[in-house]
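J.: For the sequence shown, position 122 matches number 122 in the UniProt record's numbering, and the numbering has no gaps at all.
The structure's right below; bear with me while I get my questions together.
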Amino acid sequence: MVNVEEIGPVEIGEEDRLFVLTGAGVSAESGLPTFRDNGGLWNGYLVEDVATPEAWHEDAEQVWRFYAMRRRDALSARPNAAHTALARLEQRLGDRFYLCTQNVDDLHERAGSKRVVHMHGELFRSRCERACGRGDFFDEGIYTAAAEIPRCTCGGRIRPHIVWFGETPLFMDEIYAEIERCTMLLVAGSSGAVYPAAGFVQWARRRGLRTFYVGPELPLNASQFTERVMANAGEALPRLFP
Numbered sequence: 001m002v003n004v005e006e007i008g009p010v011e012i013g014e015e016d017r018l019f020v021l022t023g024a025g026v027s028a029e030s031g032l033p034t035f036r037d038n039g040g041l042w043n044g045y046l047v048e049d050v051a052t053p054e055a056w057h058e059d060a061e062q063v064w065r066f067y068a069m070r071r072r073d074a075l076s077a078r079p080n081a082a083h084t085a086l087a088r089l090e091q092r093l094g095d096r097f098y099l100c101t102q103n104v105d106d107l108h109e110r111a112g113s114k115r116v117v118h119m120h121g122e123l124f125r126s127r128c129e130r131a132c133g134r135g136d137f138f139d140e141g142i143y144t145a146a147a148e149i150p151r152c153t154c155g156g157r158i159r160p161h162i163v164w165f166g167e168t169p170l171f172m173d174e175i176y177a178e179i180e181r182c183t184m185l186l187v188a189g190s191s192g193a194v195y196p197a198a199g200f201v202q203w204a205r206r207r208g209l210r211t212f213y214v215g216p217e218l219p220l221n222a223s224q225f226t227e228r229v230m231a232n233a234g235e236a237l238p239r240l241f242p
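Here it is, written out as structure tokens:
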């Protein structure tokens, strides 16, 4: 375990492939709140009241208002140095770089990242609650009152394209295939509490790979990492990957 003052550049060889997972801590550095940092609350909302399929079925109005607030927060936030460092790294490595995020905001894209995999969905996309075949779509509007929740042509309500607790994350086959291909794994700002993302480092360690964690606090799966850097991602990543 090292502090930010001890960080030196990480050497990435011409044959290396880097898998990166970012979590809520990276977005928090841009001012976006997280459930974890607020004792299971987000501006007074409990996870089970706004981020589960049951919450949607029981009180879609409240869920709709909650995601309206999250969209407004995301629009006012700006990418930080961690987002920028990862975008530069993608430019340098090309398809040898794979960025998977647990975050639903678009800060990686706004920093310049082109190929971002959102395993928990995207805040500015929506889909039909009935999974009728329409698919998810870009939705830049701010959610308003529940009476205005739009309907799909099939009659179902349009819901946020978010993977709620109890639902299956997206792109898992692709993600595991990339973990099998990578030669290095970096996790930034993830608590190590939410699966399956918390298990990615275990897959990498089984292959004997070098694994990095960057964050101001140790994650729950800290013992799985070969190197742990105790610092905010915005401070550490530009030094690790200049």
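Cβ atoms here follow ideal geometry from the backbone N, Cα and C, with glycine treated the same way.
Source: prediction; values computed, not measured.
Report yes or no: do the segment 149-169 and the segment 178-190 share at least 3 C-beta pairs separated by less than 8 Å?
T.: Touching, no.
J.: Would you say the segment 17-36 touches the segment 97-107, given that touching needs at least three Cβ pairs under 8 Å?
T.: Yes, the segment 17-36 touches the segment 97-107.
J.: Sorted by chain position, which residues of the same chain lie with C-beta nearer than 7 Å to Val63's C-beta, five sequence neighbours on each side aside?
T.: So the list reads Val50, Ala55 and Trp56, once near-sequence residues are dropped.
J.: For Gly112 and Gln91, I'd like the C-alpha separation in whole angstroms.
T.: Each residue's Cα considered, the two are about 9 Å apart.
J.: Which residues mark the beginning and the end of the beta strand (DSSP E) in which Phe19 is found?
T.: Phe19 -> beta strand (DSSP E) spans Leu18 to Thr22.
J.: Is Pro219 near the ligand ZN, with its Cβ less than 6 Å from a heavy atom?
T.: Annotation note on the ligand ZN: not contained in the displayed structure, which lists no ligands.
J.: Could you check whether Ala188 and Val214 sit closer than 7 Å to each other, using their CB atoms as the reference points?
T.: In contact: Val214 and Ala188 (Cβ atoms closer than 7 Å).
J.: Please go through the same chain and pick out, in chain order, the residues whose beta-carbon is closer than 6 Å to the beta-carbon of Pro238, but skip the five residues on each side of it.
T.: Ala81 and Ala85, listed in sequence order.
J.: What are the boundary residues of the beta strand (DSSP E) that includes Tyr98?
T.: From DSSP, the beta strand (DSSP E) with Tyr98 extends over Phe97 to Thr101.
J.: Closest by CA to Arg134, which one among Arg125, Gly141 and Ala198?
T.: Taking only the C-alpha atoms, the option nearest Arg134 is Arg125.
J.: Using the C-alpha atoms, what's the distance from Leu32 back to Glu109?
T.: Going by the C-alpha atoms only, they are around 16 Å apart.
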